[in-house]
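**Student:** Mapping of the sequence shown onto this note's numbering: position 67 corresponds to residue 69, and the numbering continues sequentially without gaps. Ideal placement from N, C-alpha and C gives every residue a C-beta, glycine not left out. None of these values were measured; they are calculated from a predicted model. Here it is, the structure, as structure tokens.
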Amino acid sequence: MKRQRAARRAALAELWRLLKVAPLPRWATPLLIVLGVASSLAETVGITLVLLFFYLAMGQVELATSTSGILGEALRHATSWFHSSTETALVVLLLIIVRGALAFANTLISAHVGEQINEVARNRVHLQYLSTSYSFFQRHDEAYLMEVLGTETWLISGAYSNLTRIIVSSCSIVLFLSFLLALSVKITVMAIAASMAVSAGMRHLSRPMQELGSGVKLVHQRLGEHMLMTLQGMRTIRAYGQEKVHQERFEGASAEARRVALGLARLSALVSPLTEVGYLVVLCLVIASANMWGIGFATSLTAVALLYRLQPHMRELETSLLYMAQIEPQLRSIRLMLAKDDKEYPKPGHLAIDRLGDRISFRNVTFRYDAGSDPALRDVSFDIPAGKITALVGASGAGKTTIVNLLLGLYSATEGCILVDGRPIEDLRRPEWLGLLAIAGQDVDLVEGTVIDNVRMSKNDASEAEILHALRVAGISEIVEALPDKYDSWIGQHGTRFSGGQRQRLGLARAIVRKPEFLILDEAMSALDRSLEDSVKRAIQQQLNGRTLLLITHRLESVLDADHVVCLEGGRVCAEGPPAKLLADSSNLFSRNLRLGAVRAVR
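Now the structure itself:
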């Protein structure tokens with residue numbers, strides 16, 4: 003029992019914290035409560051008038067006015083106002099209309115406020131994804147992040163609606179019980195005791211519903227993982243003939259989702275009939291007790307009518323409390339996702355920068371992706387002179403991509419510092435620093451949209467002429483012009499109508515259109531043949547003449563025209579200098595690997 007109450011309190015606490023994140027208009031909750039209570043008040047008054055209507059219709063006005071207690075007093079006042087069954091019926095009809103209008107207004111305002119909460123929560127979670135440190139995404143599964151943003155944020159409006167229903171139902175129950183208490187203390191005590199017994203029985207459903215709610219969250223996440231695996235790995239799955247295996251895995255996850263959902267549906271379906279049966283027993287006990295205690299017919303009839311109309315409010319209260327216990331895990335996930343005290347955020351910086359004047363300097367930089375792990379970079383020091391071509395070379399895992407990630411501000415150095423014109427990179431205004439950069443990599447992230455949309459990702463205000471020029475420099479314009487819709491041709495997320503080299507050239511065009519001060523080419527032409535690579539590289543150098551270029555490649559022969567080469571091995575700088583100087587020293591990694599490649603080419 004304590005565990006069930008704790009689950010409900012936890013859900014309400016999670017919702018309360020979320021409402022602080024997504025604040026509501028001050029009038030919203032009080033207005034919803036007032037409308038709900040007013041609707042219940044109209045209903046209780048209506049019950050009294052219905053009783054009067056029956057007395058008037060049967061010509062038993064004297065019996066109505068002779069009834070003792072508060073009910074008799076109410077009936078005597080009513081008969082002084084309404085002298086016929088027609089008048090009473092009209093007032094009852096008016097009260098029904100008023101109650102319906104109040105209920106409609108309550109539902110409409112609740113939906114409006116709930117959707118407003120959903121919108122704010124979705125926007126806040128999405129902003130959190132864009133604002134938090136890049137390492138946050140390395141630690142979380144993509145399916146989990148999609149589940150929180152795409153599914154769980156929609157539950158907040160339901161939680162808020164249930165919260166208002168809990169408050170309104172509680173107020174309505176107090177209101178009905180107050181009328182009952184005024185009618186008969188004995189009947190009220192009997193009704194409360196029996197209702198508490200029914201409520202205690204219903205609480206036994208809270209724990210399994212909370213456990214199933216957690217189960218639904220987990221199976222949805224697993225199902226999302228299988229969806230992502232299929233959609234993202236479609237080419238690999240088909241290439242290795244693994245369709246049957248992945249279909250069986252998906253069907254297994256889908257069947258588990260069905261089993262958990264059915265279990266939750268079964269428990270949810272039990273709530274309404276069990277509650278109705280329980281409160282029907284309460285009605286029977288009240289009727290039997292009223293007869294045994296000799297309570298008047300009018301009082302008994304009114305009490306039964308009030309108890310009958312009290313039943314939906316009791317049922318709604320139980321259902322809402324059980325629902326809150328069910329979605330507590332999802333509310334907790336959203337709240338933890340929006341929490342800021344356990345996350346790191348990139349520093350916004352405070353120093354202005356509008357150009358790269360002198361150089362970028364790495365000074366004794368050490369970097370670890372996780373605390374306690376081996377360093378990806380160890381005491382690295384080198385310079386990237388402005389207006390020059392600097393090449394980073396080294397085997398896979400040498401630390402080249404880590405250096406790029408540090409330059410892009412995706413991570414911060416664990417030890418040492420990176421200086422831009424003598425100023426720490428973290429102190430530069432982040433948007434201004436990134437505004438000077440552009441990157442083209444081996445793997446190009448294409449988005450749903452046209453060719454122009456994909457190129458414009460790096461510069462939202464790029465004109466069509468600038469985009470066409472960038473495509474020509476990247477050597478992809480002829481291929482695009484051969485498409486049915488040319489530059490307005492639709493590109494899917496994976497760009498399957500383009501080869502690997504063509505996708506890379508689209509990525510190059512995206513970087514070129516930005517006209518960056520500092521261009522990073524991270525294996526950006528690895529899928530191009532040598533002659534095409536040389537052609538594109540010459541075009542880029544002509545286009546960006548005098549700009550800073552960082553070239554990362556495994557093709558050592560392609561960096562011979564660089565001004566400066568930095569050789570990395572095991573996260574350390576093992577050699578650096580002009581290509582000619584490095585070639586003259588046969589002991590360094592660059593010279594050895596270049597000569598080895600030349601020998602293999604001859605063979």
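The beta strand (DSSP E) that contains ALA440, what's its start and end?
**Tutor:** Looking at the DSSP string, the run of the beta strand (DSSP E) that includes ALA440 is 439 to 443.
**Student:** Unbroken alpha helix (DSSP H) runs of length 4 or more, entirely within the stretch 480 to 564: which are they?
**Tutor:** If we require 4 residues or more, the alpha helix (DSSP H) runs fully inside the stretch 480 to 564 come out as 502 to 514, 532 to 545.
**Student:** GLY265 by DSSP, collapsed to three states: which one?
**Tutor:** The answer is helix: DSSP assigns GLY265 an H, G or I state.
**Student:** Quick check on DSSP: helix, strand or coil for HIS352?
**Tutor:** The answer is coil: DSSP assigns HIS352 none of H, G, I, E or B.
**Student:** Whose CA, out of GLY401, GLN140, PHE178, lies closest to the CA of LYS345?
**Tutor:** With distances taken between Cα atoms, LYS345 lies closest to GLN140.
**Student:** Apart from the five residues on each side of it in sequence, which residues of its chain come closer than 7 Å, Cβ to Cβ, to ILE493?
**Tutor:** Counting only Cβ-Cβ distances below 7 Å, and skipping sequence neighbours, we find LEU448, GLY451, THR452, VAL453, ASN456.
**Student:** For PRO387, list the residues DSSP reports as bridge partners.
**Tutor:** Its beta-bridge partners are ARG361.
**Student:** Pick helix, strand or coil for HIS142, following the three-state DSSP scheme.
**Tutor:** HIS142 falls in the coil class under three-state DSSP.
**Student:** From the DSSP output, in three-state form, read off ASP455 for me.
**Tutor:** Three-state result, ASP455: helix.
**Student:** Let me confirm a value: ASN462 is counted as buried when at least 16 other C-beta atoms fall within 10 Å, else exposed. Which label applies?
**Tutor:** It counts as exposed.
**Student:** With DSSP as the reference, label THR67 as helix, strand or coil.
**Tutor:** Its pLDDT being 48, under 50, THR67 is placed unreliably by the model, and the measurement read from it follows with that caveat. If DSSP states are grouped into helix, strand and coil, THR67 belongs with the helices.
**Student:** Per the DSSP calculation, CYS569 is bridged to which residue(s)?
**Tutor:** Per DSSP, VAL395, ALA577.
**Student:** Compute the minimum distance between the beta carbon of LEU157 and the heavy atoms of the ligand COA, and state whether it is under 7 Å.
**Tutor:** Only the bare structure without any ligand can be found here, which leaves the ligand COA out of the picture.
**Student:** Should LEU379 and GLY396 be called a contact, given that it needs their Cβ atoms to be closer than 8 Å?
**Tutor:** No; because the gap between Cβ atoms is not below 8 Å, this pair is not in contact.
**Student:** From which residue to which residue does the alpha helix (DSSP H) around VAL170 run?
**Tutor:** Unbroken alpha helix (DSSP H) run through VAL170: 157 to 185.
**Student:** Below 6 Å CB to CB, which residues in the same chain sit around SER2 once its five sequence neighbours on both sides are set aside?
**Tutor:** Outside the shown range of the chain, which is 3 to 605, sits residue 2, and nothing can be said about it.
**Student:** Please name the residue, chosen from ASN293, GLN313, ALA292, that lies closest to PRO275 on a Cα-to-Cα basis.
**Tutor:** Looking at the Cα atoms, GLN313 is the closest of the given residues.
**Student:** How many whole angstroms separate the CB atoms of LEU581 and VAL561, which I take to be in contact at a CB cut-off of 8 Å?
**Tutor:** The question names Leu, yet the displayed sequence has Pro at residue 581. 7 Å between Cβ atoms; contact.
**Student:** Using C-beta distances below 8 Å, list every residue in its chain close to THR232, excluding the 5 sequence neighbours before and after it, in chain order.
**Tutor:** For THR232, where only same-chain residues beyond five positions count, the Cβ hits under 8 Å are ILE239, HIS248, PHE252.
**Student:** Are at least three pairs of beta-carbons, each pair with one atom in the stretch 98 to 105 and one in the stretch 26 to 41, less than 8 Å apart?
**Tutor:** They touch, by the three-pair rule.
**Student:** For LYS539, count neighbouring C-beta atoms within 10 Å of its own C-beta (all shown protein chains included) and say buried if the count is 16 or more, exposed if not.
**Tutor:** With 16 or more Cβ atoms within 10 Å of its Cβ, LYS539 is classed as buried.
**Student:** Exposed or buried, which one is ILE386 when buried takes at least 16 other CB atoms within 10 Å?
**Tutor:** Answer is buried; the Cβ neighbour count reaches 16.
**Student:** Hey, out of ILE441, LYS390, ALA113, GLY389, whose CA is closest to ILE2's CA?
**Tutor:** With the chain covering 3 to 605 only, the question about residue 2 has no answer from this structure.
**Student:** Where DSSP assigns a beta bridge to THR368, which residues make up the other side?
**Tutor:** According to DSSP, which records beta bridges pairwise, THR368 is partnered with GLU417.
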